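There are 2 protein chains.
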Amino acid sequence: MTRILVVDDEVPFLRALGVSLRARGYAVELAKDGPSALNLAARGHLDVVVLDLGLPGMDGTDVLRGLRAWTSVPVIVLSARHNEQAKVDALDAGADDYVTKPFGMNELLARVRAALRRAGPAVEQPVVTTGHLTIDLASKRVLADGRTVHLTPTEWHIVDLLVRHQGKLVSQAQLLREVRGPAFERETDYLRVFMAQIRRKLEPDPPRPRYFVTEPGMGYRFQAGDQE
Amino acid sequence: MTRILVVDDEVPFLRALGVSLRARGYAVELAKDGPSALNLAARGHLDVVVLDLGLPGMDGTDVLRGLRAWTSVPVIVLSARHNEQAKVDALDAGADDYVTKPFGMNELLARVRAALRRAGPAVEQPVVTTGHLTIDLASKRVLADGRTVHLTPTEWHIVDLLVRHQGKLVSQAQLLREVRGPAFERETDYLRVFMAQIRRKLEPDPPRPRYFVTEPGMGYRFQAGDQE
DNA sequence: GCGGTCCTTACGGGCCCCGAACGGCCAGGA
DNA sequence: TCCTGGCCGTTCGGGGCCCGTAAGGACCGC
């Protein structure tokens, strides 16, 4: 499910956006100030953020910077200011798009679709197969020795990340950041439990992992090839 | 060099854009109709396309579709039409951004920067190969004589540093500072142990190092291939 | 209230870091 | 020639960190 975070201090407007987006089948989180927006973002994976710049208290650009410190999630900035310099500042601070109020709901939805489209097929490698495993990233299905295996959302999230970076080493910090949020980078206990669970489900010989290997002190790696 | 294609039928406007972009250090191609735009795009790699929708003859959205048939290069659409449906159509046809005329040059430049930033900074050469060694900095993986070699975090840290500065001398102080912290710059005993370990794992003839050479009293150096 | 999922905690074991000690090489001096 | 001191390479062992695993509690859906 595609998750979208909407940040705006005008509650009616916020609710209207939430309704429109949910009607399109997105999972929507709402926040009406900066700190709670960052909190929600830290809580788990997001696919798009829609961010109003005119927030009371914490400025919208500060929220943007707070996000950019650890994630590259697409951010669409909303603002009543038509001032060119404001646009330049927001875009250079890491915004992906800048829409001036008032705007049409259809335009915003189209820009959300554009942001999702860009992020999605960036790494287009829907199916990965090894001797024992078949992992279909698009349809979120995994076969081990021909039998379909059920993965919980968190397990899938980790597998997805590792498989997308196949061959490369992914640090525990990065995995934790993506799966649980930046506040949990150090909680490596958490990861070990899930890696064990994943291996129990997917590895032919869980105590001696062949595909989901760990590099002590550094991170984890998914290797598809059969090379030693 | 970053290459940008600008497509517009109003020649003065086209020239003005070209000048501004070139002044920023981009390599700019100009086209004033659809067919020549597609031709130029097919001719070689582009990093961004700036596309006016109001072209005579071939419509701008057709150019967009022509591009999207084979490339995912970022496209920023320009248009005099404020009509919302036009924006939605262009974005859904694959545009990455939609800017209505008139617009400020600085805004366009900021949107170009945003598009380039999204596409990802051109990843530099992360793989170094010599006669016996293959060192993949991105994957954190090392092959010696075709076999993958396991490096501990500290060993990898040192190898990474030396390979990134390949050919250049890296002082013991710098290595120690990076690996253990600034308080340990003098503890050269420490380094010798790790260099020995690294050579034992990676050098074809550890007592006579070929790649990880020491410069007595100064530091260490990684030299790829072509020794002597 | 029940199954599934998430998260925490505890424990045993293996490996990594790191200090220390020793030997080799070289240059300089008595 | 022998000694000495500086710098380097190598080996070894202990302490501590990191990892895998199991068990159980918390939370949320149906």
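Protein chains in written order, with this note's numbering: chain A, 197 to 424; chain B, 197 to 424. Don't be surprised by glycine CBs; every beta carbon is placed ideally from N, CA and C. Since we're looking at a predicted model, the values are computed, not measured.
Check: Counting pairs of Cβ atoms below 8 Å between the region 294-307 of chain A and the region 277-284 of chain B, do you hit three or more?
Finding: yes
Notebook entry, point to check: What does R373 of chain A touch in chain B if you count any residue whose Cβ is under 7 Å from its own?
Noted result: Per Cβ cutoff of 7 Å: no residues; R373 of chain A is ~18 Å from chain B at best.
Notebook entry, point to check: Between the region 210-239 of chain A and chain B, which residues of the former have CB atoms less than 7 Å from a CB of the latter, in chain order?
Noted result: none
Note to self: I need the straight-line Cα distance from T350 of chain B to V324 of chain B, nearest angstrom please.
What the structure shows: 19 Å
Notebook entry, point to check: How would you write the range of the beta strand (DSSP E) that E411 of chain B sits in, first residue to last?
Noted result: F408 to E411
Next item on the list: Would you check if there are 3 or more beta carbon pairs closer than 8 Å linking the region 215-225 of chain B to the region 394-408 of chain A?
Entry: no
Margin query: Can you tell me where the alpha helix (DSSP H) holding R388 of chain A begins and where it ends?
Written below: T384 to L398
Note to self: For D255 of chain A and Y294 of chain B, I'd like the C-alpha separation in whole angstroms.
What the structure shows: If you take the alpha carbons of D255 of chain A and Y294 of chain B, they lie about 26 Å apart.
Item checked: Within-8 Å CB hit, L339 of chain A to chain B -> Not closer than 8 Å to any Cβ of chain B, the Cβ of L339 of chain A fails to qualify, so no.
Next item on the list: Work out the CA separation of T384 of chain A and I272 of chain B for me, nearest whole Å.
Entry: Computed Cα separation, rounded: 42 Å.
Next item on the list: Compile a chain-ordered list of the residues in the region 345-356 of chain B whose CB is closer than 8 Å to at least one CB of chain A.
Entry: Residues passing the 8 Å Cβ filter: H346, T348, P349 and W352.
Margin query: With three or more C-beta pairs closer than 8 Å as the rule, is the region 247-262 of chain A touching the region 226-236 of chain A?
Written below: yes
Next item on the list: Could you pull out every residue in the same chain whose Cβ sits closer than 6 Å to the Cβ of P208 of chain B, ignoring the five residues on either side in sequence?
Entry: Here the set comprises nothing.
Checklist line | Below-8 Å beta-carbon distance, L274 of chain B vs any chain A residue | finding: no
Margin query: If we define contact as Cβ-Cβ less than 8 Å, is L287 of chain A a contact residue for chain B?
Written below: Yes, L287 of chain A counts as interfacial toward chain B.
Next item on the list: Would you verify that the beta carbon of D293 of chain A is, or is not, closer than 8 Å to some beta carbon of chain B?
Entry: yes
Next item on the list: Just confirm the distance between the C-beta atoms of L213 of chain B and V246 of chain B, as a whole number of angstroms; I'd bet it's less than 8 Å.
Entry: 7 Å
Item checked: is_contact[V284 of chain A, chain B] using C-beta, thresh 8 Å -> Yes, contact with chain B.
Next item on the list: Could you name the residues of chain A that S335 of chain B contacts, counting a contact when the two beta carbons are closer than 7 Å?
Entry: Here the neighbours are G363, K364 and L365.
Margin query: Does the CB of G342 of chain A have a neighbour CB from chain B at under 8 Å?
Written below: no
Check: Just the Cα atoms here: how many angstroms apart are A310 of chain B and L287 of chain A?
Finding: 6 Å
Margin query: Quick check for students: name the residue ranges of the beta strand (DSSP E) that lie wholly in the region 293-331 of chain A, counting only runs of 3 or more.
Written below: 293-296 and 323-325
Next item on the list: Give, in chain order, every unbroken run of the beta strand (DSSP E) that is at least 3 residues long and sits entirely within the region 213-297 of chain B.
Entry: 223-227, 244-248, 271-275 and 293-296
Item checked: L236 of chain B versus B:G262, B:S367 and B:V359, residue with shortest Cα-Cα distance -> B:G262
Note to self: Assuming V409 of chain A and Q419 of chain A are in contact, meaning their beta carbons sit under 8 Å apart, how far apart are those beta carbons, in whole angstroms?
What the structure shows: That belief holds up - the Cβ atoms of V409 of chain A and Q419 of chain A are roughly 6 Å apart, short of 8 Å.
Notebook entry, point to check: So, using beta-carbon positions, are L357 of chain A and V345 of chain A closer together than 8 Å?
Noted result: no
Check: Can you pull the DSSP bridge partners for V338 of chain B?
Finding: B:I331 and B:V345
Margin query: Using a Cβ-Cβ distance cut-off of 8 Å, determine whether R309 of chain A contacts chain B.
Written below: yes
Notebook entry, point to check: Taking just the CA atoms, how far does R395 of chain B sit from P412 of chain B?
Noted result: Taking the straight line from one Cα to the other gives about 16 Å.
Check: Expressed to the nearest angstrom, what Euclidean distance is found between the alpha-carbon atoms of P378 of chain B and R382 of chain A?
Finding: 23 Å
Note to self: Taking only three categories from DSSP, how would you classify R404 of chain A?
What the structure shows: Under the three-state reduction of DSSP output, R404 of chain A falls in the coil class, being neither helix nor strand.
Check: Nearest-angstrom Cα distance between A318 of chain A and S268 of chain B?
Finding: For A318 of chain A, the pLDDT reaches just 47, beneath the cut-off of 50, and the residue's location in the model is therefore unreliable, leaving the point undetermined.
Next item on the list: Report buried or exposed for A291 of chain A, applying the criterion of at least 16 other Cβ atoms within 10 angstroms of its Cβ.
Entry: Counting the other Cβ atoms within 10 Å of the Cβ of A291 of chain A gives 16 or more, which makes it buried.
Next item on the list: Under the assumption that H353 of chain B contacts A340 of chain B (Cβ atoms under 8 Å), give the Cβ distance between them as a whole number of angstroms.
Entry: 18 Å between Cβ atoms; not a contact.
Next item on the list: Using a Cβ cut-off of 7 Å, pull out every chain B residue sitting near R314 of chain A, in sequence order please.
Entry: D292 and R314
Item checked: Strand pairing of L161 of chain B, partner residues [DSSP] -> Residue 161 of chain B lies beyond the stretch modelled for chain B, which goes from 197 to 424, so this question has no answer here.
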